[in-house]
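Since the structure comes first, as structure tokens, the remarks are kept for the end.
2 protein chains.
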Amino acid sequence: MTAADGQAGAPTDERTGDHRTTPLRVALLGCGVVGTEVVRLLTTQADDLAARTGARLELVGIAVRDTATPRDAVVDAELLTTDAEELVTRADVVIEVVGGIEPARSLLLRAIEHGASVVTANKALLAQDGPTLYAAADAAGVDVYFEAAVAGAIPIVRPVRESLAGDRVRRVLGIVNGTTNYVLDRMTSEGLDLDQAVKEAQALGYAEADPTADVEGFDAAAKAAILASLAFHTRVSIDDVDREGISAITVDDVAWAERTGYVIKLLAIAERRDEGVQVRVHPALVPLAHPLAGVRGAFNAVFVEAEAAGELMFYGRGAGGAPTASAVLGDVVSAARHRVLGGKGPVESSYADLPVLPASSARTRYQVRLDVQDRPGVLAQVAALLADHGVSIEAVRQAPAPLGPDGGDGLARLIITTHEASEESLAATVAAITGHEAVRRVLSVLRVEGV
Amino acid sequence: MTAADGQAGAPTDERTGDHRTTPLRVALLGCGVVGTEVVRLLTTQADDLAARTGARLELVGIAVRDTATPRDAVVDAELLTTDAEELVTRADVVIEVVGGIEPARSLLLRAIEHGASVVTANKALLAQDGPTLYAAADAAGVDVYFEAAVAGAIPIVRPVRESLAGDRVRRVLGIVNGTTNYVLDRMTSEGLDLDQAVKEAQALGYAEADPTADVEGFDAAAKAAILASLAFHTRVSIDDVDREGISAITVDDVAWAERTGYVIKLLAIAERRDEGVQVRVHPALVPLAHPLAGVRGAFNAVFVEAEAAGELMFYGRGAGGAPTASAVLGDVVSAARHRVLGGKGPVESSYADLPVLPASSARTRYQVRLDVQDRPGVLAQVAALLADHGVSIEAVRQAPAPLGPDGGDGLARLIITTHEASEESLAATVAAITGHEAVRRVLSVLRVEGV
């Protein structure tokens, strides 16, 4: 007897995989853009879903805050209810696309308690309190699936936790926020400044009226926490993620990046090191030849480095109603198949229990851009400062004349790219450089990733 | 009771997911480059695999043709046996990395009959006779996994059959043969001719001494058949795949592709159309901005267009011992988890049972390159020929002077890119063009994909 046999409401008449007479009951929490597309797929693909699942999927209710709001014609008004607490007790699979911590968390726990498998797109909840959900589901013998919570339609959760289960992931580099990728892309391709690009993203519906969650990297940090937990079989919460958004990135940064062979991307980075894991979100210079450099517009991509598999990349739409609904439905089919055929999906185990290392322990390459007095010996003095702090230089480029309003007043621009250095040494180096008499100003310090 | 309970040799003592005392017995068929890497991962990752599976994986035997061949130190000589038929009867999971149709087919069926789940990297076998294996496994209640059979380490089988199970795949475009991608890449970047590039690939170990299977597209055709079967839930065998290799591609083709904004790639294409599916392998012009255009060297990538998910791409190493072994081990963990926790993986159902359409029914864009008499009115005459055959022109480019040995003898070169046309109309058009008095020769006719 498997766990599935004892579940409340799980039909037990037949487990052959053939179409059964008893449909599986699906409850939907939330009916916004994603929820509506979920309803559409459940409706238009009903026959295919039945063939793939072994049972028809019957939508038994849609929990909403307000039943009077006008909805897409695909949504059957009779299925709407404001009583989500009751709805989750009468479903085999509960889909949550409400977002936020509460009431999503309580509703999912209640669904699990009543024997339902759950499918969620809720990155905030998983990044903050995923382990509580996983443990409850494990105890109840039901599934928790969440492909839609990271990188929208891109299958990344399933590949990392299943396809790479026999390998060791060393590093994950992800463009996991479409809004910031769109903004940086427009700054690069059109020379827009950050504000202009954000306004354009808002006009296109890529960015919220308040773009803080995207621009400051909070959204990417939640996804980084989920990816790191999966990739390294350990617990990483959003509070463990060092975060820096793109609000300080200028048109000048973007232009110089290109001139030196890079493009600026907001990256979610999770690294396995001997001592533990390090997880961070920040803008970084990515070499133009790197596969992530070609990820344009609002697309997302996750680049994975594994010991045996080598380099992998997963690319696609990271947001939007239909793409997210596609990921949700894939999870619903997996959960539903387990109801029909027995068995259950992977359990999120954090058996590795690795320490989370501070950002100051990260070792990366840097590109420092600064304006200095244009006189002999300055380059040597700056180079000596770096050497004093144990930071090794990979390349120095001196611009023929500084650009910008100060152009021609006896300044030279240096672009220094370092070899790998610790964040601590680099910070000390930059402080020393900033204080040097020949240095007018440090224009930017950007990490270089994907080399 | 699930199917797994009744399997011969499946331990039944505990199903909690905790480590069990009874290890799972793993048998390996084949100990070449991939097999040796499988042994290495089973050995070096033993603790992690146990944590992820819920049981230790014990390698109980390695079937080889000749036990005397010298092997890597990681291979325990005592596990070697020439009696594969006996070995498969005493395992919970059988891994097949022998390749070829027989004896692989009989050994896997025998393993299934004796209650083992099987993991195979055998694209030839799956493309020819997959359904026999799937049906046998379904009847026996065991798993067949084959992530390594398509695109090596890239998780593509699992995403297509599980993550996209709630969506409708419209089209798959894959660079699934690393050898030909390397060859075309070298022709493009270094101007090598085909023979030189193939010799280089052979020297690097990317191409076999007899490169026919790669160069003529047989390997890609097998993978196309598997991908099409998965994506469209129907049966496609390698015999259903229209196949054209890269042997006719010249340096001139590659150079002109680039000049007109394309790169030539050998693509495996599977399309869902209203009337059925169409599956083919041929070299094609891919627009430089398309994500597949950036796939360099021996890398593989599979681009998927789904109704709700939109465009997805999966990128990574398509061959090699360690990458392929990574994919195999991921499958082993999935199969092993089902032994421990109950349940089973997806069953390959070809419920859709779609007709396979001939290549002549395909509709694509074309680029035709031809030399014509350099006199007024010729372009109009050629354009009229296309119009007569219902082929609509997207662009005509006339080169200032033809390149090559005939340069300057009163010829002009036309590069005509068409809108979508059927293969039949195009063939008729090309025949008419070839026979026209002002046409010296048709240099090439290439399909344009990914537009």
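Chains as they are written, first to last, in our numbering: chain A, 182 to 632; chain B, 182 to 632. Just so you know, even glycine gets a beta-carbon here, dropped at the ideal spot from N, CA and C.
Asked: Going along the stretch 520-547 of chain B in order, which residues come within less than 8 Å of chain A, judged by CB to CB distance?; Found: L522, G523, G524, K525, P527, V528, S530, Y532 and A533
Asked: Taking C-beta pairs closer than 7 Å, name the residues in chain B that A487 (chain A) reaches, listed in chain order.; Found: S507
Asked: Who are D423 (chain B)'s beta bridge partners in DSSP?; Found: B:R461
Asked: Can you give the Cα-Cα distance for V255 (chain A) and V219 (chain A), rounded to whole angstroms?; Found: 10 Å
Asked: From the DSSP output, read off the bridge partner residues of Q579 (chain A).; Found: A:L595
Asked: In whole angstroms, what is the alpha-carbon distance linking D400 (chain A) and A394 (chain A)?; Found: 6 Å
Asked: To the nearest angstrom, report how far apart A231 (chain B) and E239 (chain B) are at their CA atoms.; Found: 10 Å
Asked: How would you call G211 (chain B), buried or exposed, if buried means at least 16 neighbouring beta carbons within 10 angstroms?; Found: buried
Asked: Can you confirm whether the stretch 477-486 of chain A touches the stretch 302-321 of chain A when touching is taken to mean that 3 or more C-beta pairs between the two stretches lie within less than 8 Å?; Found: no
Asked: Should G355 (chain B) and A330 (chain B) be called a contact, given that it needs their Cβ atoms to be closer than 8 Å?; Found: no
Asked: Rounded to whole angstroms, what's the CA-CA distance from I243 (chain B) to T262 (chain B)? Just pull it up for me.; Found: 6 Å
Asked: Could you name the residues of the stretch 323-345 of chain B whose beta carbon sits closer than 8 Å to any beta carbon of chain A, in the order they occur along the chain?; Found: E328, A334, I335, P336, R339, P340, E343, S344 and L345
Asked: Cα separation between Y496 (chain A) and D555 (chain A)?; Found: 45 Å
Asked: Within the stretch 272-302 of chain A, note down every full alpha helix (DSSP H) run reaching 4 residues or more, in order along the chain.; Found: 285-294
Asked: Just the chain B side, please: which residues come within less than 8 Å of V417 (chain A) by C-beta, in chain order?; Found: Neighbours of V417 (chain A) on chain B: none; closest Cβ ~17 Å, over 8 Å.
Asked: Going by C-alpha distance, which of B:A318, B:R342 and B:P284 is nearest E294 (chain B)?; Found: B:A318
Asked: List, in order along the chain, the chain A residues whose C-beta lies closer than 8 Å to that of G475 (chain B)?; Found: P472 and G475
Asked: Identify the continuous alpha helix (DSSP H) that holds N362 (chain B) and give its terminal residues.; Found: G359 to E371
Asked: For a quick check, are the C-beta atoms of L447 (chain A) and R550 (chain A) less than 8 Å apart?; Found: no
Asked: Residue range of the alpha helix (DSSP H) that G216 (chain B) falls in?; Found: V214 to T225
Asked: Return helix, strand or coil for A312 (chain A), following the three-state DSSP convention.; Found: Checking the sequence, you will find Pro at residue 312 (chain A) rather than Ala. Three-state result, P312 (chain A): helix.
Asked: Alpha carbon to alpha carbon, how far is V458 (chain A) from A403 (chain A)?; Found: 16 Å
Asked: Between the stretch 428-436 of chain B and the stretch 362-371 of chain B, can you find at least three pairs of beta-carbon atoms closer than 8 Å?; Found: yes
Asked: Could you tell me which of B:G631, B:E389, B:I276 and B:E266 sits nearest to R206 (chain B), measuring between CA atoms?; Found: B:I276
Asked: Using the C-alpha atoms, what's the distance from G501 (chain A) back to R622 (chain B)?; Found: 50 Å
Asked: With a CB to CB cut of under 8 Å and the five nearest residues on each side skipped, what residues in its chain are close to P392 (chain B)?; Found: T360, V379, A382 and Q383
Asked: What residues in its chain sit with their C-beta under 6 Å from that of A613 (chain B), if we drop five residues either side in the sequence?; Found: L566
Asked: Kindly identify the DSSP beta-bridge partner or partners of S603 (chain A).; Found: A:R544
Asked: Could you name the residues that DSSP lists as bridge partners for F495 (chain B)?; Found: A:F495 and B:V483
Asked: In terms of alpha-carbon separation, which member of B:R221, B:A236 and B:V274 lies closest to R252 (chain B)?; Found: B:R221
Asked: Got a sec: is the Cβ-Cβ distance from L209 (chain A) to anything in chain B below 8 Å?; Found: no
Asked: Grab me the residues of T656 (chain B)'s own chain with a C-beta within less than 6 Å of its C-beta, minus the 5 sequence neighbours each way, in chain order.; Found: With chain B covering only 182 through 632, there is no way to say anything about residue 656 (chain B).
Asked: If you measure between the beta carbons of V215 (chain B) and A321 (chain B), is that distance less than 8 Å?; Found: no
Asked: Taking the beta strand (DSSP E) that A355 (chain A) falls in, what are its first and last residues?; Found: Correcting the residue type first, residue 355 (chain A) is Gly in the shown sequence and not Ala. Residues V350 to I356.
Asked: Would S410 (chain A) pass as an interface residue toward chain D - the criterion being a Cβ-Cβ separation below 8 Å?; Found: This model lacks chain D altogether, as its protein chains are A and B.
Asked: Quick one: which chain B residues come within Cβ less than 7 Å of V255 (chain A)?; Found: By Cβ distance, chain B contributes nothing, its closest Cβ being about 13 Å from V255 (chain A), past 7 Å.
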